[in-house]
Amino acid sequence: MSFAEAVIRGVPEGGGLYMPAGIPAVPPGFLRSMGSLSFGEIAREISLLILAPELPRADIEEIVGGAITFDAPVRRLDGDTSVLELFHGPTLAFKDFGARFMARAMARIRGGAEEYTVLVATSGDTGSAVASGFHGLPGISVVLLYPSGRVSPLQERQLTALGGNVRALEIGGTFDDCQRLVKQAFGDREIAARKRLTSANSINVARLLPQTLYYFNAAARLADAGRDLVFSVPSGNLGNLTAGLIARRMGLPAAHFIAATNANDVFTRFLATGRYEPADALRTLSNAMDVGDPGNLPRVRALFGDDTGALRAAVSSTSWSDDATRGAIAGAFHRYGYVFDPHGAVAYAALERYRADRRERATGVVLATAHPAKFLEAYDETVRRAIDVPERLRAVMGLQVRSVKLPADSAALKAFLMDS
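Counting in my numbering, the final residue of the sequence shown is number 1337, and the numbers go up one at a time with none missing.
Structure (structure tokens):
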């Protein structure tokens, strides 16, 4: 299967996930020179390394140049703790990187031929990033499924208000229900006969692979640390973790990954016991991580040949309650004057626990995956006053929610897709 075919298909016929047939190694000389390069230059070279056998160089450079138009800066809190800020894109969330990359890749691959429907399940930020990335692209329509009452009011406006070629379905269920409906639609032969479906979740390789890029940018900015890095990753559907592990396989100087989960601790329990036991998703402050059946776990396992011991050596995991998340927000604000969003706060708490348990001065990088202003209701008054709400978010707050309500039923989604 070519990269282009995998992007358009989204998922293989009969289920499963696409993975690169081989993962290239980054030349050591490039790793040593990254510190002198911009994020855009790093993104271009890594993308060429991954995709040059699949797409023409000019196409790859155009895709990267159109997608990576904002930075992924590293903010140093102290000598051992840094934050990789991934919220400087159009929708102020890390999903902007993958969604914009995929939208431009699909536009190049499609080449003005057939029309496609991008079907997406979202727990919040994926939907708004995909809506922004694909809005107005000719020949591509987007259908977003989000769980009713389980995204923040601001997120709901971001993913529903654009209109045009973007339509939003408010599903009476959880994110896992939305993800199940998407998978069932891909497996439905009648829908396949009428619609060219593809996905923009992290199950699509064109959403997943560009997430490796900002890990290398973090390593470039911290090249003077003198030690390999420990990345603490907010983890729900495990796309960000998977991308980091792929980057590590390519040569990223990463000593360890921490998969930080909230009360939805399916992956944490899997690492501890070796048993995978999906569960109903619980609602938390860090809503993008409210996943009870992580879609990317098969990829994580495949990277280690299903060797759970090797996986545990590379990745550890702890879970955190909403009260602990609030405590981490308050602790970081008191200690550094820095405000984490709820997802980044879970990762910060997990990094602190990792250091305490191992009694070592790990050079830690916390992934901050969304701007705190998207979650104002999560903060007390003191912290809230310290948050500068960007103008683009202020504008969104006044928009009207435009969605179609559907039950968590595959027949209802099928009827909507067939009639639209």
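A virtual CB, placed ideally from N, CA and C, is assigned to each residue, including glycine.
*For L994, collect the residues of the same chain with a Cβ closer than 7 Å to its Cβ; drop the 5 residues on either side in sequence, then sort them by chain order.*
Looking up residue 994 in the sequence shown gives position 77. Closer than 7 Å at Cβ, skipping near neighbours: V1000, Y1253 and Y1255.
*Would you kindly check if the distance between the Cβ of F1257 and the Cβ of A1247 is under 8 Å?*
Position 330 of the sequence shown, counted from the first residue, corresponds to residue 1247. Position 340 of the sequence shown, counted from the first residue, corresponds to residue 1257. In this structure, F1257 does not lie closer than 8 Å to A1247 by Cβ.
*C-alpha gap between T1159 and A1176, whole angstroms*: Stepping through the sequence shown from its first residue, residue 1159 is reached at position 242. Stepping through the sequence shown from its first residue, residue 1176 is reached at position 259. C-alpha separation (whole angstroms): 10 Å.
_S919 classed as buried or exposed, judged by whether at least 16 other C-beta atoms fall within 10 angstroms_ = Indexing the sequence shown from 1 puts residue 919 at position 2. By the neighbour-count rule (16 or more Cβ atoms within 10 Å), S919 is not buried but exposed.
_Per the DSSP calculation, S1236 is bridged to which residue(s)?_
On the sequence shown, position 319 is the one that residue 1236 refers to. Answer by DSSP bridge pairing, in chain order: T1178.
*asked:* Tell me which residues share the same chain as A1142 and place their Cβ nearer than 7 Å to its Cβ, disregarding the 5 neighbours each side in the sequence.
replied: Counting from 1 along the sequence shown, the entry for residue 1142 is found at position 225. T1280, listed in sequence order.
*asked:* Taking only three categories from DSSP, how would you classify V924?
replied: Within the sequence shown, numbered from 1, the residue matching residue 924 stands at position 7. Looking at V924 - three-state DSSP - the assignment turns out to be helix.
*Could you tell me which of Y1193, A1245 and R1166 sits nearest to H1260, measuring between CA atoms?*
Against the sequence shown, residue 1260 aligns to sequence position 343. Checking every option, the nearest Cα to that of H1260 belongs to A1245.
*Measure the beta-carbon distance from T1185 to S1234 and round it to whole angstroms, keeping in mind my assumption that it falls under 8 Å.*
The residue you call residue 1185 lines up with position 268 of the sequence shown. The residue you call residue 1234 lines up with position 317 of the sequence shown. Sure, about 4 Å apart at Cβ, within 8 Å.
*Have a look at L1169 and F1004 and give me their C-alpha separation to the nearest angstrom.*
Taking the first residue of the sequence shown as 1, we reach residue 1169 at position 252. Taking the first residue of the sequence shown as 1, we reach residue 1004 at position 87. Spanning the two alpha carbons is a distance of roughly 22 Å.
*Sub-8 Å separation of T1229 and A1085 beta-carbons*: As a working mapping, residue 1229 is identified with position 312 in the sequence shown. As a working mapping, residue 1085 is identified with position 168 in the sequence shown. Inspection of the sequence shows that residue 1229 is occupied by Arg rather than by Thr. No, these two residues do not count as a Cβ contact at 8 Å.
*Three or more beta-carbon pairs under 8 Å between the region 961 to 970 and the region 1010 to 1017, yes or no?*
no
*Whole-angstrom C-beta distance between L1076 and L1061, which should lie under 8 Å*: Along the sequence shown, one-based indexing puts residue 1061 at 144. Along the sequence shown, one-based indexing puts residue 1076 at 159. About 6 Å separates the two Cβ atoms, so the contact holds.
_Length at least 4, wholly inside the region 1026 to 1072: the alpha helix (DSSP H) runs in chain order_ = 1042 to 1051
*If I'm right that T1242 touches M1206 with Cβ under 8 Å, what's the distance once you round it to whole angstroms?*
Against the sequence shown, residue 1242 aligns to sequence position 325. Against the sequence shown, residue 1206 aligns to sequence position 289. Contact flag wrong, Cβ pair sits at about 10 Å.
*Spatial neighbours of K1322 within its chain, please: CB distance less than 6 Å, with the 5 preceding and 5 following residues excluded, ordered by chain position.*
As a first step, residue 1322 must be located in the sequence shown, where it is residue number 405. Closer than 6 Å at Cβ, skipping near neighbours: E1087.
_Distance between G1006 and V1232 (C-alpha atoms, nearest Å)_ = Taking the sequence shown and counting its residues from 1, one reaches residue 1232 at position 315. Taking the sequence shown and counting its residues from 1, one reaches residue 1006 at position 89. Roughly 28 Å separates the two Cα atoms.
*Where DSSP assigns a beta bridge to A1085, which residues make up the other side?*
Working through the sequence shown from its first residue, we reach residue 1085 at position 168. Beta-bridge pairing links A1085 to L1061.
*Using CA coordinates, which residue listed in Y1033, E1031, S955 and E1073 is at the minimum distance from Q1317?*
Translated into the one-based positions of the sequence shown, residue 1317 becomes position 400. Closest by alpha carbon: E1073.
*Proximity to S1116 [Cα-Cα], best of A1135, Y1132, F1092 and Q1096*: Indexing the sequence shown from 1 puts residue 1116 at position 199. Minimum Cα distance to S1116 is reached at Q1096.
*Round the Cβ separation of L1098 and A1325 to the nearest angstrom and send it over; I've been treating them as touching at under 8 Å.*
Here residue 1098 is taken as the residue at index 181 of the sequence shown, counted from 1. Here residue 1325 is taken as the residue at index 408 of the sequence shown, counted from 1. Contact flag correct, Cβ pair sits at about 7 Å.
*Look up P1151 in the DSSP assignment and say whether it is helix, strand or coil.*
Start at 1 with the first residue of the sequence shown, and residue 1151 comes out as number 234. Strand.
*Bridge partners - S1116, DSSP secondary structure assignment*: In the sequence shown, counting from the first residue as 1, residue 1116 sits at position 199. L1036.
*asked:* Relative to the C-alpha of L934, which candidate in Y1132, L1334, F1103 and R1270 has its C-alpha closest?
replied: Looking up residue 934 in the sequence shown gives position 17. Ranking Y1132, L1334, F1103 and R1270 by Cα distance to L934 puts F1103 first.
*Backbone secondary structure at R992 - three-state DSSP*: Within the sequence shown, numbered from 1, the residue matching residue 992 stands at position 75. Strand.
*asked:* I want to check one thing, is the minimum distance from the CB of V1232 to the heavy atoms of the ligand ATP below 7 Å?
replied: No copy of the ligand ATP occurs in the structure displayed, which carries no ligand at all.
*Report all residues from its chain with a CB closer than 6 Å to the CB of A960; omit the five preceding and five following residues, and keep chain order.*
Residue numbering aside, residue 960 sits at position 43 when the sequence shown is read from its first letter. The answer, listed in chain order, is V981, I985 and L1130.
_Alpha-carbon to alpha-carbon, A942 and A1016_ = The sequence position of residue 1016 within the sequence shown is 99, counting from 1. The sequence position of residue 942 within the sequence shown is 25, counting from 1. Answer to the nearest angstrom: the Cα atoms are 25 Å apart.
*Near L1199, which residues of its chain fall below 6 Å by C-beta distance, leaving aside the five closest residues on each side in sequence?*
Numbered from 1 along the sequence shown, position 282 holds the residue referred to as residue 1199. Once the five neighbours on either side are set aside, the close Cβ partners of L1199 are A1180 and N1181.
*Mapping DSSP to helix, strand and coil, what is G1315?*
Here the question's residue 1315 lines up with position 398 in the sequence shown. Of the three classes helix, strand and coil, the one that applies to G1315 here is coil, per DSSP.
_Between which two residues does the alpha helix (DSSP H) holding V1217 run?_
Against the sequence shown, residue 1217 aligns to sequence position 300. Element bounds for V1217: L1214 to L1220.
*E979 versus T998: straight-line alpha-carbon distance, rounded*: What you label residue 979 is simply residue 62 of the sequence shown in a count that begins at 1. What you label residue 998 is simply residue 81 of the sequence shown in a count that begins at 1. Cα to Cα, the separation comes out at about 35 Å.
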